[in-house]
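Asker: Got a structure for you, written out below as structure tokens; questions coming shortly.
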Amino acid sequence: MSNVVTVESYRDIAPQGTIDLIYNLAGRLRNKSLLHVNSTRFGGGVAEMLHRLLPLFSNLGINTRWEVMEGTPLFYQATKSFHNALQGEPQIISPEMYDEYLKVNKRNAKKISFESDFIVIHDPQPAGLIYKKLRKTPWLWRCHIDISRPQRKVWNFLKEYVFKYNGTVFSLPSFAQKLSIPQFLMYPSIDPLSDKNRDLSSAEIEEVMNKYNVPRDKPIILQVSRFDRFKDPLGVIAAYKLVKKHNDSYLVLAGGSATDDPEGLQVLHEVKEEADRDKDIFVLDLPPDANLTINALQRAATVILQKSTKEGFGLTVAEAMWKAKPVIGGAVGGITAQIVYGQTGFTVNSIEGCAYRLRYLLNNPDVCATIGANAKEYTRRNFLVTRHICDYLSLMVLLLED
Ligand code: UDP
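Numbered according to my numbering, the sequence shown spans residues 1168 to 1569.
Take a look at the structure:
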């Protein structure tokens, strides 16, 4: 099998008509160029999505560039605080930090070539580059985080720049702010041909399960998440303990250790302590590039949890749904856009609710199969990279033909 993925590679995967729609839209954008700017080439969902999207745009004949802005330690400190403050956490941000944000944005604006027909700036870090806007070129601000309840001071500072854009794009309507410029909705996406999501053979799945010594003689309940309090791994263990009194099963908690996040290490430590008392709980501390491992674990699982108490979009849910698994998720953030209650999974609000739905699914394999099939189809229609490309192309057509 050739490793080169083209738009055509998705013809039998995406919903019927999608690929032709993509060609049709791309045909109206022939010889146009597109520039994406963000603040990191690796790590995080935005970089991961850009890595998958860019070759496909180029394959469509759209001259696509991806520029990464360069910061300083003080700049990253400032933007990390902006990030937290925009998501509602109180932060102390000094005048020097605001100055550094502007200085770094200006320095990068001088270095980056904005010669492009369409510009997408991702997240708050490079939002200030807009001051370089050339007349007529549409600039979009693609915000991937929930800024609906920000710390006012930071938002008031940033919105001076955001207003200069031709439009904003948010992942959910509830993540947005009231703005006088056009606002668009674009769900993020997963790539069904990436190592994290592509079909695997039974031997590939088996190899991973053997490597981590996870037996397959009982149903497996899985959560894949960074070890973060908002992902509620201790709540997952508590729900599992309620379930296990009646339904013999294994629990696998798989995630990264995030060595640069002291709280992550603390959470991992607490999770391991809690799990130590039960040999049927497996805590897997995975490296950042464990895509195939995550894929195999999801395929081996019976039910998948994403019991977050606070969440961004929560793409792990779509990843699990794509593998035709029933998912039980916390009723927060983008999880509620992915789980249609009772149809593509269940949303829950408590440990007891989670345990109740786990037992229901474990006791009803036929329901698991129906919900899993619905979940896969729902993901095919709504959360694949091909839909994402359609959204971008439609937006480009709309704004360029304005
Ligand atoms: N992920 C990963 N390794 C881990 C934990 C998570 O690769 O150890 C991936 C996961 O498969 C998903 C992404 O990181 O693709 C997490 O995205 P999500 O939106 O669910 O949550 P976030 O971590 O961004 O809050």
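Think of the CB as a built atom: it goes at the ideal place given N, C-alpha and C, for glycine as much as any other residue. Note that the structure is a prediction, hence the values are computed from the model and not measured.
#1: Sort out for me which residues DSSP pairs I1495 with in a bridge.
#2: Assuming contact is defined by CB atoms lying nearer than 8 Å, are N1462 and K1398 in contact in what I supplied?
#3: The ligand UDP heavy atoms versus the CB of E1256: any closer than 7 Å?
#4: Thinking just about the alpha-carbon of each residue, which of L1220, G1255, L1202 is nearest to the one in V1235?
#5: Ignoring anything shorter than 4 residues or poking outside the region 1271-1359, list the alpha helix (DSSP H) runs there in chain order.
#6: Would DSSP call F1550 helix, strand or coil?
#7: Thinking C-alpha only, which one of A1370, K1378, F1285, R1365 is nearest N1333?
#8: If I'm right that I1288 touches W1308 with Cβ under 8 Å, what's the distance once you round it to whole angstroms?
#9: In whole angstroms, give me the CA-to-CA distance for S1169 and D1569.
#10: Beta carbon of G1212: closer than 7 Å to some heavy atom of the ligand UDP?
#11: As an exercise, report each continuous alpha helix (DSSP H) stretch of at least 4 residues that is fully enclosed by the region 1173-1212, in chain order.
#12: Where does Q1258 fall in DSSP's three states?
#13: Do you know offhand how far K1408's Cα is from A1498's?
#14: For the ligand UDP, I want to know if R1393 counts as a neighbour, meaning its beta carbon is within less than 7 Å of at least one of the ligand's heavy atoms.
#15: Considering only DSSP beta bridges, list what G1422 is partnered with.
#16: Can you list, in chain order, the residues of its chain with a C-beta nearer than 6 Å to that of I1518? Leave out the 5 residues immediately preceding and following it.
#17: Excluding the five sequence neighbours on either side, which residues of its own chain have a C-beta within less than 7 Å of the C-beta of V1484, listed in chain order?
#18: Let me know the secondary structure DSSP gives E1537 once reduced to three states.
#19: What number of angstroms, rounded off, separates the C-alpha of E1440 from the C-alpha of E1256?
#20: Based on the DSSP output, what are the partners of T1571 in its beta bridges?
#21: In its own chain, which residues sit with a C-beta less than 7 Å from the C-beta of R1195, not counting the 5 before and 5 after it?
#22: Considering V1391, what are the terminal residues of the beta strand (DSSP E) in which it resides?
#23: For N1205, count neighbouring C-beta atoms within 10 Å of its own C-beta (all shown protein chains included) and say buried if the count is 16 or more, exposed if not.
#24: Measure the alpha-carbon distance for Y1354 versus G1238 and round it to whole angstroms.
Answerer: Inspection of the coordinates gives the following:
#1: Here the question's residue 1495 lines up with position 328 in the sequence shown. I1495 pairs with L1472, F1513.
#2: Stepping through the sequence shown from its first residue, residue 1462 is reached at position 295. Stepping through the sequence shown from its first residue, residue 1398 is reached at position 231. No, these two residues do not count as a Cβ contact at 8 Å.
#3: Here the question's residue 1256 lines up with position 89 in the sequence shown. In terms of side-chain proximity, the C-beta atom of E1256 is found no nearer than 7 Å to any non-hydrogen atom of the ligand UDP.
#4: As a working note, residue 1235 is residue 68 in the sequence shown. Comparing Cα positions, the closest option is L1202.
#5: 1319-1329
#6: Residue mapping note: residue 1550 aligns to position 383 of the sequence shown, counting from 1. Three-state result, F1550: coil.
#7: Working through the sequence shown from its first residue, we reach residue 1333 at position 166. Ranked by Cα distance from N1333, the options A1370, K1378, F1285, R1365 are led by F1285.
#8: On the sequence shown, residue 1288 is found 121 positions in, with the first residue counted as 1. On the sequence shown, residue 1308 is found 141 positions in, with the first residue counted as 1. I1288 to W1308, Cβ: 5 Å. Contact.
#9: Position 2 of the sequence shown, counted from the start, is the residue given in the question as residue 1169. Position 402 of the sequence shown, counted from the start, is the residue given in the question as residue 1569. Legend: pLDDT at S1169 = 48, less than 50; position of this residue unreliable, no value from coordinates given.
#10: Translated into the one-based positions of the sequence shown, residue 1212 becomes position 45. Yes.
#11: 1185-1194
#12: Against the sequence shown, residue 1258 aligns to sequence position 91. Q1258: coil per DSSP, three-state reduction.
#13: As a working note, residue 1408 is residue 241 in the sequence shown. As a working note, residue 1498 is residue 331 in the sequence shown. Rounded to whole angstroms, K1408 to A1498 spans 21 Å at the Cα level.
#14: Residue 1393 sits at position 226 when you count from the first residue of the sequence shown. Yes, the beta carbon of R1393 sits closer than 7 Å to at least one heavy atom of the ligand UDP.
#15: For the purposes of this step, residue 1422 is identified with residue 255 of the sequence shown, where counting begins at 1. According to DSSP, which records beta bridges pairwise, G1422 is partnered with D1452.
#16: The residue you call residue 1518 lines up with position 351 of the sequence shown. These residues qualify, in order along the chain: G1402, A1405, A1406.
#17: For the purposes of this step, residue 1484 is identified with residue 317 of the sequence shown, where counting begins at 1. Closer than 7 Å at the Cβ level, and outside the excluded window around V1484, lie Q1473, V1494, G1496, I1502, Q1505, I1506.
#18: What you label residue 1537 is simply residue 370 of the sequence shown in a count that begins at 1. This sequence places Thr at residue 1537; Glu is not what is there. Three-state DSSP puts T1537 in a helix.
#19: The count along the sequence shown starts at 1 and reaches residue 1440 at position 273. The count along the sequence shown starts at 1 and reaches residue 1256 at position 89. E1440 and E1256 have their C-alpha atoms spaced approximately 29 Å apart.
#20: In this structure the chain extends from 1168 to 1569, so residue 1571 is not present and cannot be described.
#21: Sequence index remark: in the sequence shown, residue 1195 carries index 28 (1-based). The residues are V1564.
#22: If you number the sequence shown from 1, residue 1391 lands on position 224. Segment 1387-1391, the beta strand (DSSP E) holding V1391.
#23: Here residue 1205 refers to the residue found at position 38 when the sequence shown is read from its first residue. Its Cβ being crowded by 16 or more others within 10 Å, N1205 is buried.
#24: In the sequence shown, counting from the first residue as 1, residue 1354 sits at position 187. In the sequence shown, counting from the first residue as 1, residue 1238 sits at position 71. If you take the alpha carbons of Y1354 and G1238, they lie about 28 Å apart.
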